[in-house]
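Structure, as structure tokens:
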Amino acid sequence: MCVPWRTAHGLWSEREGLIVRLEDGQGGVGYGEIAPIPWFGTETMAEAEAICAGFGPKVADEVLDAVPAKFGCVRFALAMARSPLAPTSSTIRLPVAALLPAGRDALKVLARSLESGFLAFKWKVGVGDPADERGLFDDLLGRMPEHAKLRLDANGAWDRRQAIRWLELCAGRPVEFVEQPVAALDQDTLLGLARDYPVKLALDESVVSLAEARRWQALGWPGIFVIKPALAGPMAECIEWILETRADVVFSSAIETALGRSHILHAACSQWLTKRALGFGAGGNFGDPRWDGPVLGPLVDQRAIGINPGEAIWNALS
Ligand code: MG
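Below you can see the structure in the form of structure tokens.
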């Protein structure tokens, strides 16, 4: 990546992944992307490589279907390679949330993003000194127009006491939601905070797979689910879950290339699955237009995404 990512998990500077190419017997070709984030709870690169190597030069559909559910990234890629994008007549346009970096640089990026027309913003917190961050929070809100909304993402960095302090601060402010305020497995605290404070909470690290999202639903989670489809499994399963349960979701990037991104955004704009801004506001990670794809503006629809960048990416690798 051209610029390392700074989150409460630490610095992340290299995005490793696999591009999958599947040919059917009739000359049809499909591409998919495996983009694991092991420290987020997915399979590792070594596991993904071993699964693909195990397929050999020829593989039957039943073998591809039999990849276990816990390998969500591999399953996402295989499903994608087997169902290439086709243009639809959907005219759905969804807003995109611009990502603000941790620390004072957030103010600069906010100013630039407002000029480009963005109205939804996500800011990483739980990274710097808490008092500085609270000051910066006021500065950010002070510079946002009235109809703009801010999302905070703590990546599970706060303890209960810190989270309470922030949630009290957020009450009555234009905060759309607070994402993963405490650790992914701290179920009681998450449910308690969601019940006790008016600001909406979102789960991200807690719901890497759809199975986990379903489990939180069964517990009565009243908030939002941040879903990174590239980690969660086949896009069709994700869509089915949303339509079946009417879950309140935010689709979010796992820093995949233009290939995985086009598949996700194409699906997200194909029917009403969410009205919330897409968490794909951090483009340009690879410094190469073939990998990054078109720069996303404050609103996207299917035309803005680009279709089937698979061949270009495959050729760039070969
Ligand atoms: Mg997050």
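For the sequence shown, the working numbering gives the first residue as 6, with consecutive numbering after it.
We put the CB at the ideal spot given by N, CA and C, even for glycine.
Measuring alpha carbon to alpha carbon, tell me which of E21, L16, R26 ends up nearest S323. Closest in alpha carbon position to S323, among E21, L16, R26, is R26.
Closest by CA to A162, which one among E210, V79, T96? E210
Which value, in whole angstroms, describes the spacing of the CA atoms of H268 and G77? 15 Å
Label L224 either buried or exposed according to how many other C-beta atoms from any shown protein chain fall within 10 Å of its C-beta, with 16 as the threshold for buried. By the neighbour-count rule (16 or more Cβ atoms within 10 Å), L224 is not buried but exposed.
Can you tell me which of the three DSSP states W226 falls into? coil
The region 293 to 307 touching the region 85 to 101, judged by at least three CB pairs closer than 8 Å: Here the region 293 to 307 lies against the region 85 to 101, with 3 or more beta-carbon pairs under 8 Å apart.
Go through its chain and collect everything with a Cβ distance to L145's Cβ below 8 Å, but skip five positions before and after it. Leaving aside the five residues that flank L145 on each side, the residues in its chain whose CB is nearer than 8 Å to its CB run, in chain order, L105, A111, L112, L115, F126, W128, L155.
With DSSP collapsed to three states, give me the class of R220. helix
Any heavy atom of the ligand MG closer than 7 Å to the Cβ of N160? Yes; taking the cut-off as 7 Å, the Cβ of N160 has a heavy atom of the ligand MG nearer than that.
Would the C-beta of V231 count as close to the ligand MG, meaning under 7 Å from any of its heavy atoms? yes
Collapsed DSSP secondary structure at G284 in the structure displayed: strand
Applying the criterion that 16 or more other CB atoms from any shown protein chain within 10 Å of the CB defines a buried residue, is S258 buried or exposed? buried
In this structure, what does DSSP give as the bridge partners for K154? DSSP output for K154 lists A125 as bridge partner(s).
Give the range of the alpha helix (DSSP H) segment to which R308 is assigned. 307 to 310
Near the ligand MG: D191 beta-carbon under 7 Å from a heavy atom: Closer than 7 Å to some heavy atom of the ligand MG: that does not describe the Cβ of D191.
Looking at the strands, I want to know which residues DSSP matches up with R26. Y36
Would you kindly report the start and end of the unbroken beta strand (DSSP E) that includes F182? 180 to 184
How about L301 and F291: do their beta carbons lie closer than 8 Å? no
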